[in-house]
Amino acid sequence: MDLTLGPVLFDWGRDKLLEFYKEATGWPVSDIYIGEVVCHRKRGLTLDDTVKIGEELQKAGKKVIVSTLALVSDDTELEYVRDACQLPFPIEANDASALQITKGKKGLVAGPHITSYNYDSVEFLKGIGVSRVVFPVELSMDAMKAIAGNTDIETEVFVYGKLPLAFSWRCYTSRAFGLLKSNCKLDCRKYPEGMMIETMEKQPLFIVNGTQVMSALTMNLIDNLDELKKMGIAKVRISPQYGVTGDVVKVFKDRLDGNIASEEANDRLMPLEKTGFCNGWYHGKAGWENLIRE
Amino acid sequence: MKKLELCCPAGNLPSLKAAIDNGADVAYLGFQNATNARNFEGLNFSLKDIEEGVAYAHSKGKKVFIAINTFPQFDDAKVWFQAVDDAYKLKVDAVILANMGVLRYARDKYPDMNLHLSVQASCSNIESINFYKENFGIKRVVLPRVMTVDEMKALKSETDVELEVFALGGLCINVEGRCYLSSYVTGISCNTGGVCSPSRFVRFENVGDKLRISLNKILLNELSADEFSPYPTCCKGRYYVDGKPFYAFEEPESLNVMELIPRLADAGIDALKVEGRQRSKSYVALVTKTLREAVDNYYQDPPRFVMKPDWIKQSNSSFEGSAPTLGCYLKK
């Protein structure tokens, strides 16, 4: 089972991203997803940058996959996806539009925002040429097991990071500044870890990242890597988090290689996370809960 | 001229009859299980009710659609497949599906079945429409509430697939089918359990002069006596954002785009949908009657269409206190 590095979901700006991917060339991950999933208005990497970074990562032995927008609701967004799909790398589709545009393109990945909730959906996707499925984060271990045990398609599971919970036409970061998406001032740049949403009791609940809502807690499945491996999962995804991703990757690699036990792995992850951990839907409970499986 | 078709919600047989009697062209409904996105207790139709509902609607020249629009997990797909089989046998006029596995089953087994794509499939651009058309032969897409009318018009100019849009009722601010807020807090969402923010997790508690509303022990709002809250879902909660209490996602609002009927008709939209299978028979009767009047009035003399104050009053009175909004139909 290999580690993958998911796409950067936040707006870190071009310089930070260039630096991030330069560092990533040395990280022990097999696959790196680059490209924009959340909002085309961010001024991050250009398509040329993406190609250059992709080539550098390939030289470092990484498999490079370009991720695409999850919500495509106007011509500008659709053009953005069409352009991304033309890049000389396999594509991760996060909307049916990208599945259509990339028809016949090799190495197509159905991303976590394609609703691959069951065996029949996965088999359908396989039938149209998809070669890897990233399970939606809302699936439990049992649901993933039921699919992975029956299909021969390559599967990937989101194991670490802020959970992507929702997308909207509305930019929630702009809304907090009294603006609309269409006249946004790129305020998400000020929140490289997302903008915290706390309950009226000051309990951190969500973060907003432009048009995306994420979990305030970080999903962490480092205790479950052996189980996932036994289930036949091919890849596990770490979702980039500002300033700590390289350290997180190293902990996961040490755990995967059996160099450290779960307990030590958790001890090393703890200082890398400010808000706390959850297990998402892995145990079939509410996403924010943090359980130890018996 | 082909008129805007009026699709109205029915949570039970009396509501279906109320919809048809008050001018709906279509009543849409669901089975009594997790195959539909309004899987509420005491709601929805038995096979016998559907049979009677279909007979009633067809006798008046009207249609019935069945929503089988959630995502099966584990071995549950057979329950969804059974729902498709039943819908076919019941001779409903269309099934509204969302999941690729269920779509494939319906297309392979019943090539003549009329398949619509649910809003739960989040299909909002021409490439996605072509994807679902080529792979499953869908005849209609229910658009998620993420587009302006101008964008809908541009989309319609590129496809012969029918477009249905939401006109009235509860408003999802996040794209349906990809929103896990409810399941993050409770473990259950529309996608998997057919329910957003299940009532068994909701608590109302008076603390001092405040009403505290929580969902599975997470505080969603704290109201003073003069404040109002619609049914509590995560997206309608009030939170601290940068130290200020704020409706971070949306104000308590309901969609009412009746005034846009001329623009929606001009955009080539085929059908208007009213949200609210969970609402009462009197809600269905009131909003159907009002919308019917407005649509008919428009077609009598399109250039002179003017909103009547009664329509505004009647439709807004159905919103249980939340304010009307045009959502993103004019600007984003």
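Sequence order for the protein chains is A and B. Under the numbering used here, think of the first position of the first sequence as 1, with each following residue one higher. Under the numbering used here, think of the first position of the second sequence as 1001, with each following residue one higher. Every residue gets a Cβ at the ideal spot worked out from N, C-alpha and C, and that includes glycine.
Contact list for D142/A against chain B, beta-carbon separation under 7 Å: In the first sequence, counting from the first residue as 1, residue 142/A sits at position 142. Neighbours of D142/A in chain B, taken as residues at a C-beta separation under 7 Å, are given in chain order as F1074.
Sufficient close CB pairs (3 or more, under 8 Å) joining the stretch 107 to 124 of chain A to the stretch 146 to 154 of chain A: Output reads yes: the stretch 146 to 154 of chain A touches the stretch 107 to 124 of chain A.
When burial is assigned at 16 or more other CB atoms within 10 Å of the CB, is Y1299/B buried or exposed? Looking up residue 1299/B in the second sequence gives position 299. That one is exposed.
Please list the partners that P1245/B has in chain A, where partner means a Cβ-to-Cβ separation under 9 Å. As a first step, residue 1245/B must be located in the second sequence, where it is residue number 245. Those are M200, listed as they occur along chain A.
Span separating the alpha-carbon of A1098/B from that of T1192/B: Here residue 1098/B corresponds to residue number 98 of the second sequence, with the count starting at 1. Here residue 1192/B corresponds to residue number 192 of the second sequence, with the count starting at 1. Here the alpha carbon of A1098/B sits roughly 12 Å from the alpha carbon of T1192/B.
Where does R1263/B sit, in a helix, a strand or coil, going by DSSP? By one-based count along the second sequence, residue 1263/B stands at place 263. In the three-state scheme derived from DSSP, where H, G and I count as helix and E and B as strand, R1263/B is classed as helix.
DSSP-derived helix/strand/coil call for A265/A: Here residue 265/A refers to the residue found at position 265 when the first sequence is read from its first residue. Helix, per DSSP.
Any idea which residues DSSP pairs N1216/B with across the strands? As a working mapping, residue 1216/B is identified with position 216 in the second sequence. Its beta-bridge partners do not exist; DSSP assigns none.
Pick out the complete alpha helix (DSSP H) segments inside the stretch 1047 to 1077 of chain B, 4 residues or longer, and give them in chain order. Segments of the alpha helix (DSSP H) lying fully in the stretch 1047 to 1077 of chain B: 1047 to 1059.
So is E138/A buried or exposed if we call it buried at 16+ other beta carbons inside 10 Å? The residue labelled residue 138/A in the question sits at position 138 within the first sequence. Flag for E138/A reads buried.
Since M1147/B meets chain A, which of its residues come closer than 8 Å, beta carbon to beta carbon? On the second sequence, residue 1147/B is found 147 positions in, with the first residue counted as 1. Under the 8 Å cutoff, chain A gives S73, D74 and W169.
Through-space distance from P1144/B to S241/A, alpha-carbon basis: Locating residue 241/A in the first sequence gives position 241, counting from the first residue. Locating residue 1144/B in the second sequence gives position 144, counting from the first residue. The residue you asked about is not Ser; residue 241/A is Gln in the sequence shown. Rounded to whole angstroms, Q241/A to P1144/B spans 30 Å at the Cα level.
In this structure, what does DSSP give as the bridge partners for G1169/B? Position 169 of the second sequence, counting from 1, holds the residue named residue 1169/B. DSSP lists L1255/B as the beta-bridge partner residues of G1169/B.
Given I1173/B, which residues of its chain have a CB within under 7 Å of its CB, disregarding the five upstream and five downstream residues? Here residue 1173/B corresponds to residue number 173 of the second sequence, with the count starting at 1. Hits under 7 Å: C1235, F1249 and E1250.
So if I threshold CB-CB distances at 9 Å, which residues from the stretch 101 to 129 of chain A count as touching chain B? Against chain B - using a Cβ distance shorter than 9 Å - the residues of the stretch 101 to 129 of chain A are I101, K103, H113, I114, T115, S116, Y117, N118, Y119, D120, S121, V122, E123, F124, L125, G127 and I128.
DSSP-derived helix/strand/coil call for F277/A: Here the question's residue 277/A lines up with position 277 in the first sequence. Secondary structure of F277/A (DSSP, three-state): strand.
If we define contact as Cβ-Cβ less than 7 Å, is I296/A a contact residue for chain B? Absent from the model: residue 296/A. The displayed extent of chain A is 1 to 294, so no value can be given.
Look up E294/A in the DSSP assignment and say whether it is helix, strand or coil. In the first sequence, residue 294/A corresponds to position 294, counting from 1. A caution first: E294/A carries a pLDDT of 38, below 50, which makes its placement in the model too unreliable to give a value.
Where L139/A meets chain D, residues with beta-carbon distance less than 8 Å: In the displayed structure, chain D is absent; the protein chains listed are A and B.
Could you name the residues of chain A that I1218/B contacts, counting a contact when the two beta carbons are closer than 8 Å? To locate residue 1218/B, count along the second sequence from 1; it is residue 218. Those are T199, Q203, L205 and W288, listed as they occur along chain A.
For E1134/B, three-class secondary structure by DSSP: In the second sequence, counting from the first residue as 1, residue 1134/B sits at position 134. In the displayed model, E1134/B falls within a helix according to three-state DSSP.
Alpha carbons only, please: which of S1229/B, G1194/B and V1054/B is nearest the one belonging to A1323/B? Within the second sequence, residue 1323/B is the residue found at index 323, counting from 1. Nearest in C-alpha terms to A1323/B, of all of S1229/B, G1194/B and V1054/B, is S1229/B.
Output yes or no for whether 7 Å exceeds the beta carbon distance between F89/A and G1101/B. One-based indexing of the first sequence puts residue 89/A at position 89. One-based indexing of the second sequence puts residue 1101/B at position 101. Annotated as distal: F89/A and G1101/B, with beta-carbon spacing of 7 Å or more.
Out of D226/A, R132/A and K62/A, which has the shortest C-alpha to C-alpha gap to P28/A? Taking the first sequence and counting its residues from 1, the one referred to as residue 28/A is at position 28. Per the Cα distances, K62/A.
Determine the chain A residues that contact T1233/B at a beta-carbon separation under 8 Å, and present them in chain order. Start at 1 with the first residue of the second sequence, and residue 1233/B comes out as number 233. Under the 8 Å cutoff, chain A gives no residues; its nearest Cβ is about 11 Å from T1233/B.
Mind checking if S131/A is an interface residue toward chain B, Cβ cutoff 7 Å exclusive? Within the first sequence, the letter at position 131 stands for residue 131/A. With 7 Å as the cut-off, S131/A does not count as an interface residue toward chain B.
Do T218/A and F277/A have their C-beta atoms closer together than 7 Å? Counting from one through the first sequence, the residue named residue 218/A turns up at place 218. Counting from one through the first sequence, the residue named residue 277/A turns up at place 277. In contact: T218/A and F277/A (Cβ atoms closer than 7 Å).
Who are the near neighbours of R189/A in its chain, counting only those whose CB is closer than 7 Å to its CB and skipping five residues on each side? Here residue 189/A refers to the residue found at position 189 of the first sequence. Answer for R189/A: D11 and G13, listed in chain order.
Over the uninterrupted alpha helix (DSSP H) stretch that includes M231/A, give me the two end residues. As a working note, residue 231/A is residue 231 in the first sequence. Segment: none, M231/A is in no alpha helix (DSSP H) and carries neither H nor E.
With 7 Å as the limit, tell me which residues of the stretch 1174 to 1187 of chain B have their beta carbon closer than that to any beta carbon of chain A; keep them in chain order. Those would be N1174, V1175, G1177, R1178, C1179, Y1180, L1181, S1183, Y1184, V1185, T1186 and G1187, in chain order.
Write down the C-beta distance between R1292/B and L1006/B rounded to the nearest angstrom, noting that I regard them as a contact closer than 8 Å. As a first step, residue 1292/B must be located in the second sequence, where it is residue number 292. As a first step, residue 1006/B must be located in the second sequence, where it is residue number 6. Yes, they are in contact, since the Cβ atoms of R1292/B and L1006/B sit about 6 Å apart, within 8 Å.
Contact set between N1125/B and chain A, taken where Cβ atoms lie within less than 7 Å: Along the second sequence, one-based indexing puts residue 1125/B at 125. Chain-ordered, the chain A residues with CB closer than 7 Å to the CB of N1125/B read V72, S73, L78 and S97.
On the criterion of 16 or more Cβ atoms from any shown chain inside 10 Å, does L69/A qualify as buried, or is it exposed? Within the first sequence, the letter at position 69 stands for residue 69/A. It counts as buried.
As a quick exercise: from K1308/B, E1222/B, P1252/B and Y1132/B, pick the residue whose alpha carbon is nearest that of I101/A. Taking the first residue of the first sequence as 1, we reach residue 101/A at position 101. The candidate whose alpha carbon is nearest that of I101/A is Y1132/B.
Give a yes or no on contact between the stretch 1127 to 1142 of chain B and the stretch 154 to 162 of chain A, applying the rule of three or more CB pairs nearer than 8 Å. The count of Cβ pairs closer than 8 Å, one atom from the stretch 1127 to 1142 of chain B and one from the stretch 154 to 162 of chain A, stays below three, leaving the stretches out of contact.
Three-state secondary structure (DSSP) of E286/A: Within the first sequence, numbered from 1, the residue matching residue 286/A stands at position 286. It is Ala, not Glu, that sits at residue 286/A in the sequence shown. The three-state reading of DSSP puts A286/A in coil, since its state is none of H, G, I, E or B.
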